[in-house]
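Asker: Quick one: structure below, then a few questions.
Number of protein chains: 2
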Amino acid sequence: MRDREVLVRFRPSGAETYVLPGTRLVEAAAEAGVLIDVPCGGEGICGNCRVIVVAGAGEPTAAEREWLSEEELQRGWRLACQTAITEPTEVEIPHAGRAEPQILVHSNAPARASDDPPVWKRYVELPPPTRGDDAPDAIRLERALGVGPLEVPLAVLRGLSGRLREDGFRGTAVVAGTADQATRGTRPITARLVDFEAGNTETDAFAVAFDIGTTTLVGELLDLGTGTQWAVQSRVNPQTRFGDDVLSRILHARQVGTGLTELQEAIRSALDEMIGQLCLQAGTARERIYEVSIAGNTTMQQLLCGVDPSPLGEVPFVPAGGRSLTCRVTDLGLHIHPEAGAYVMPVIGGFVGGDTVAGLLATELAESDGPALFVDIGTNGEIALLTDGQLTAASTAAGPAFEGARISCGMRGSTGAIEKVVVDGRVRINVIGDVPPAGICGSGLIDVAAELLRHGVLTPEGRLHTPDQVAGDAPADLAQRIVMHEGQVSLLLATEDEGRDGRPVVLTQRDLRELQLATGAVRAGIAILLKRGGLKPTDIRHVLIGGGFGNFIRRSNAQRIGLLPTEIEHRRIRFMGNTSLAGARLAALSQTARRMAEQLARRTEHVDLSADPDFARMFAESMIFPEA
Amino acid sequence: MRDREVLVRFRPSGAETYVLPGTRLVEAAAEAGVLIDVPCGGEGICGNCRVIVVAGAGEPTAAEREWLSEEELQRGWRLACQTAITEPTEVEIPHAGRAEPQILVHSNAPARASDDPPVWKRYVELPPPTRGDDAPDAIRLERALGVGPLEVPLAVLRGLSGRLREDGFRGTAVVAGTADQATRGTRPITARLVDFEAGNTETDAFAVAFDIGTTTLVGELLDLGTGTQWAVQSRVNPQTRFGDDVLSRILHARQVGTGLTELQEAIRSALDEMIGQLCLQAGTARERIYEVSIAGNTTMQQLLCGVDPSPLGEVPFVPAGGRSLTCRVTDLGLHIHPEAGAYVMPVIGGFVGGDTVAGLLATELAESDGPALFVDIGTNGEIALLTDGQLTAASTAAGPAFEGARISCGMRGSTGAIEKVVVDGRVRINVIGDVPPAGICGSGLIDVAAELLRHGVLTPEGRLHTPDQVAGDAPADLAQRIVMHEGQVSLLLATEDEGRDGRPVVLTQRDLRELQLATGAVRAGIAILLKRGGLKPTDIRHVLIGGGFGNFIRRSNAQRIGLLPTEIEHRRIRFMGNTSLAGARLAALSQTARRMAEQLARRTEHVDLSADPDFARMFAESMIFPEA
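Keeping their order, the protein sequence lines are chains A and B.
Per this note's numbering, residue 119 is the first one in the first sequence, and the count goes up by one each step.
Per this note's numbering, residue 119 is the first one in the second sequence, and the count goes up by one each step.
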């Protein structure tokens, strides 16, 4: 039943993925976590998504012939939105030819150094002190670095004189703060000495960016000098053992004496282990990581920080802090360089957290030309709207269905997950990692619901036809998969023989109700924000979709089930992948990004959807899947 | 032999001292640690040192009648430089009538709030959150305080939401950073939340300022709101058990494996105990102290910070850091409020440290109208010269004689110390605290040498006449005190019957040689700085003397022994008391003072006296006491 997948490898990041033949390159890239900017929405009409297919390039399409010269085509240049994968492929994502305004979103592909990293390194050789030149060691270093006042923390000061004298007044300064005067102009700048290392270690400077989702944790190791992604790690948030949504964890923290400590320790140790794995993967040491940046929803961030989330569990759901938190990384119990700093994203409200701010930062929603919508589909759905320069944001109660939770065979978008389902003549599925399927993830779920609606097997009200009802109408392969499973009408996606460990993968009527609820919540949220902004769906010029699926949702299917308004043209919808991680990455690499995040968080109006008089009606309406 | 002393009490500080009848009020104030500005040098010709003698006012002098109206005189107004103490006296130091440029020096008398304290408090009542007003707690607080971005450290954030909800969204914010917008104008300001306390604790906000001398530690508890000094503590630096000068301690740190740790722990625990005593004395808690400010010489500061001082023990004597150090107070192992900050003064060079910078700050030397000299007489003598807007500074190898060390019966200026000696018909001594004498301190030493020179008992070369030689010439009371003591010609200041615990107080020939060396070192240093500045002693408009004696040196005696150039007019010499402590106090109370300290440290040129080609000759010449 599973089609043979082929390997696609991306340079310079080295990211890999397996996809079905026929998959478009832009989609394969998204699966590999490599984001390619597709300004025109993948219609082949802007020519911006140029890449070099080093191995495995197929025949150029008409659109590619239009945008690329014959010489370029021969050298392997293609448009990522046009080229389909047919065989094992190797792709180079070039530095040049990208639209600058979108560069922030795609800072891992191509890798891009920031102008003002929070930490930078400089190898220096100082003139040794003499009787005629007896300035203090830290002042000598400050002069050599050409920075303004250099703050030397106590722990670093304790080792500085010894290190300088052991190594002949040579070594590499690790500096936190604004970059050197040459690039910064004449205004006075301050800097903090993180360390002074023996020898020239300029090229060994790393940061870690984390997206801490309710369900999934993702971390990546970044090169502070070049912006290159050196390693990626993800895992299930171990806090899920205390409940799969934020409220159950808030309750645990509130009702159990040691609850907060347990939750904090669970995520702290997970992140610390992930850092260890990132170091192994990239072959570097924890001490070479000088900065960690963290984005998550308000509850996740408070739990990591050991801040009691109780007020987030009761009306009016008030966060403890609003601004970004900067502290020593040791205050969070993470083990990287002991003088490293930690940065935790600012939040907008109780359920519109640092992940949304990171998404606003990464998508550059606020810079859009005209009304624009950002929908972040994680454990809850957060929505932000830009209109007339005003940003509003709200959270929906979508629940964790899109991350595979509360779905009987649900799982996150990792190896073994059915992440794509197509019903043409037969039911075709794609499993991440090309292994026997173990469950279904969010994007697969959306595909299934759309296909079932399309083939009339699911009613707009969300009722799955019984095996008897579908017998004649639906394609035979689909019809025979509609079965009774534990008393419920269900779709059999994989039999016991096909599934991993001899277990079938089944989608039940109740699962579809969960999806219906989740979709309805997002749809109602969008409707209310549009209403408040005095907008119709057709007024929206850009819809930017974020989500940690690890997969592309297909636009047509997202619209078919009503997750996105059907009136919006395809080309206006862009999938941005894990925007929370992308925002954390920007904050890990750039101080300007941090300032922007702070501004975004404070200028965004927080809207309480349920306080809207139309909320109940709109939510009820949105529960009905759109008619074909 | 001891004359009956009388008590003088000062308001508002409550400081007290016992002085001999006939002592001028300005001198009594200095003994009590209360500094009164005497711009004219105490000649009664400027009328600036006006005080109110509440009880014990004597007849006004002619100068007082000239400067004060009959009504003022009747209300007790007197000139501090004119009025002599004749009976127990109570003195009010008024707020008004002071020369503004000198206000910094005398910030403890009168107490004076700073415009920009490093920490301030504000009682606030916040509107409790509602569904329509669900901003994060920290943002609500920020708005109520009217500050710019309010940084909330992790430890404070952890308790904030709970504290707000327990106390009905009321309480007192403790804020580090610039003061409120009302006084600061419109520029964006940042602030850090140190704590949020239950109830209104606005009036309970303290800082501690420390002068950490090689020999003596002095600490004072200051009211951050009003600048009032609430308590003072002093003690011998317990590091003296590792050697009485800085070099022996540097050697100990260098040669003994645990040396640095021992030295650091010795001073840390002493300061921490002093904080406890300050709290007891003032009836407050350690948690109400939000800031500590420290001034000391470069070695003392490095030892307190746990920074290896080895490079300070060898040519070219390079300090580890130059700029001020700000850190968490917990990093120094001191126990006040756990989120409090510590500030350690910037330094100029290896032997021109934070105490000198503090002195420059407190004396406002750099603001002087014309060439000015600052001489800080502590364990070493540091000298700074202002000429043509240029500051230069140097340290001399005066040694600890002025602090009573290396003197057989030497002691610091505390209870039991002979701090003044006058030889008229007989030898009159004054003992601090009106108790049997236990030893002699720096000012007493200078008095003795001057009187011995004056009566021809000590030769300009520093040789003490033998009992036989003095028999006929000197006053009988003096002559009979010249004795042989343990094989040396000596001056018997107190017999076994008179001294504390039945021990005599004796000054030996060797002691006088120590003083001669110390005096010569300072004198040579002054001569070299003047030479480099192209100045003669008569060009100097102001000589500002600092020192932690706890006593006044009498100008005539300081000049008689050549500690200060004899050519300088009396009225140009001003004694400023413990300028290191005064500077630490300013830094504890004012951020502007900290910025000024930073600038002073960096703009002052460090001069290595011994590198001057004339050094050896000038030092040798300075060893000879001036002829009468």
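Idealized CB from N, CA, C, for every residue including glycine.
1. Of the residues Arg735(B), Gly431(B), Ala323(B), which one's Cα is nearest the Cα of Arg367(B)?
2. Considering Cα atoms alone, identify which of Leu483(B), Phe328(B), Leu396(B), Glu500(B) is closest to Ala642(B).
3. Using DSSP's beta-bridge definition, name the partner residues of Cys397(A).
4. Quick one: is Asp312(A) near chain B, going by C-beta distance under 8 Å?
5. Given a cut-off of 8 Å, decide if Arg441(A) and Glu716(A) are closer than it, judged by their beta-carbon atoms.
6. Against chain B, with Cβ distances strictly below 8 Å, would Ile368(A) count as a contact?
7. Classify Glu208(A) as helix, strand or coil using the three-state DSSP reduction.
8. Below 8 Å, can you find three or more Cβ-Cβ pairs linking the segment 464-478 of chain B to the segment 703-722 of chain B?
9. Could you give the DSSP three-state label for His660(B): helix, strand or coil?
10. In whole angstroms, give me the CA-to-CA distance for Leu342(A) and Val364(A).
11. Would the segment 610-622 of chain A and the segment 540-560 of chain A be scored as touching if the rule is three or more Cβ pairs under 8 Å?
12. Cβ of Cys527(B) less than 8 Å from any chain A Cβ?
13. Which one or two residues does DSSP pair with Ala476(B) in a beta bridge?
14. With a cut-off of 8 Å on the beta carbons, I'd call Lys654(A) and Leu648(A) a contact; round off their distance for me.
15. Report all residues from its chain with a CB closer than 6 Å to the CB of Ala413(B); omit the five preceding and five following residues, and keep chain order.
16. Any C-beta of chain A sitting closer than 8 Å to the C-beta of Gly439(B)?
17. Using DSSP's beta-bridge definition, name the partner residues of Ser337(A).
18. Going along chain A in order, which residues have a C-beta closer than 7 Å to the C-beta of Gly424(B)?
19. Nearest to Gly331(B) by alpha carbon, out of Gln420(B), Ser279(B), Leu339(B)?
20. At the level of alpha carbons, what is the spacing between Gln289(B) and Thr319(B)?
21. Which whole-angstrom value describes the C-beta separation of Pro518(A) and Asp362(A), a residue pair presumed to lie in contact below a C-beta threshold of 8 Å?
22. Is it the case that the segment 202-212 of chain A contacts the segment 252-270 of chain A, given that we only count it when at least three CB pairs across the two stretches are under 8 Å?
23. Mind checking which residues open and close the beta strand (DSSP E) that includes Ile536(B)?
24. For Gln200(A), does the count of other Cβ atoms within 10 angstroms reach 16, so buried, or fall short, so exposed?
25. Output yes or no for whether 8 Å exceeds the beta carbon distance between Gly459(B) and Glu409(B).
26. What is the residue span of the alpha helix (DSSP H) that Lys654(A) lies within?
27. Is there a Cβ from chain B that is less than 8 Å from the Cβ of Ser279(A)?
28. Mark Gly392(B) as exposed unless 16 or more other C-beta atoms lie within 10 angstroms of its C-beta, in which case mark it buried.
29. Quick one: Cα of Ala639(A) to Cα of Ile686(A), how far?
30. Provide the residue span of the alpha helix (DSSP H) that contains Phe737(A), from first to last.
31. Among the residues of its own chain, which have a CB less than 6 Å from the CB of Gln598(B), if the five just before and after it don't count?
32. Could you tell me which of Gln351(A), Arg168(A), Thr333(A) sits nearest to Leu340(A), measuring between CA atoms?
33. Do the CB positions of Val425(A) and Ala438(A) come within less than 8 Å of each other?
34. So for Ala706(A), helix, strand or coil by DSSP?
35. List, in order along the chain, the chain B residues whose C-beta lies closer than 7 Å to that of Thr248(A)?
36. What did DSSP end up calling Met418(B) once you bin it into helix, strand or coil?
Answerer: Looking at the atomic coordinates:
1. Gly431(B)
2. Glu500(B)
3. Per DSSP, none; premise fails for Cys397(A).
4. According to the sequence provided, residue 312(A) is Val. The question's Asp does not apply to it. No, no contact with chain B.
5. Against a cut-off of 8 Å, the Cβ pair of Arg441(A) and Glu716(A) comes out as a contact.
6. Chain B places no beta carbon closer than 8 Å to that of Ile368(A), leaving this residue out of the contacts.
7. strand
8. Judged by pairs of C-beta atoms under 8 Å, the segment 464-478 of chain B touches the segment 703-722 of chain B, as three or more such pairs exist.
9. strand
10. 33 Å
11. Using a C-beta cut-off of 8 Å, the segment 610-622 of chain A makes contact with the segment 540-560 of chain A, since at least three inter-stretch Cβ pairs fall below that distance.
12. Not one chain A Cβ lies under 8 Å of Cys527(B).
13. Answer by DSSP bridge pairing: none, since Ala476(B) is not bridged.
14. 7 Å
15. Asp329, Met463, Gly472, Asp473, Ala476, Ser698, Gly701, Ala702
16. Judged by the 8 Å Cβ criterion, Gly439(B) is in contact with chain A.
17. Residue 337(A) is actually Gly in this sequence, not Ser. DSSP, once it has assigned bridges, lists Phe328(A), Gln351(A) as partnering Gly337(A).
18. Arg276
19. Of the listed residues, the one whose Cα sits closest to Gly331(B) is Gln420(B).
20. Before going further, note that residue 289(B) is Gly rather than Gln in the sequence given. Going by the C-alpha atoms only, they are around 8 Å apart.
21. 6 Å
22. Fewer than three pairs of CB atoms, one per stretch, sit closer than 8 Å, so the segment 252-270 of chain A makes no contact with the segment 202-212 of chain A.
23. 535-541
24. By the 16-neighbour rule on beta-carbons within 10 angstroms, Gln200(A) is buried.
25. yes
26. Note, Lys654(A): premise wrong, no alpha helix (DSSP H); not H, not E.
27. yes
28. The residue you asked about is not Gly; residue 392(B) is Met in the sequence shown. By the 10 Å Cβ count, Met392(B) comes out buried.
29. 18 Å
30. 733-740
31. Taking C-beta separations shorter than 6 Å and ignoring five residues to either side along the sequence, Gln598(B) has no partners in its chain.
32. Gln351(A)
33. yes
34. helix
35. What Thr248(A) touches in chain B: Pro434.
36. helix
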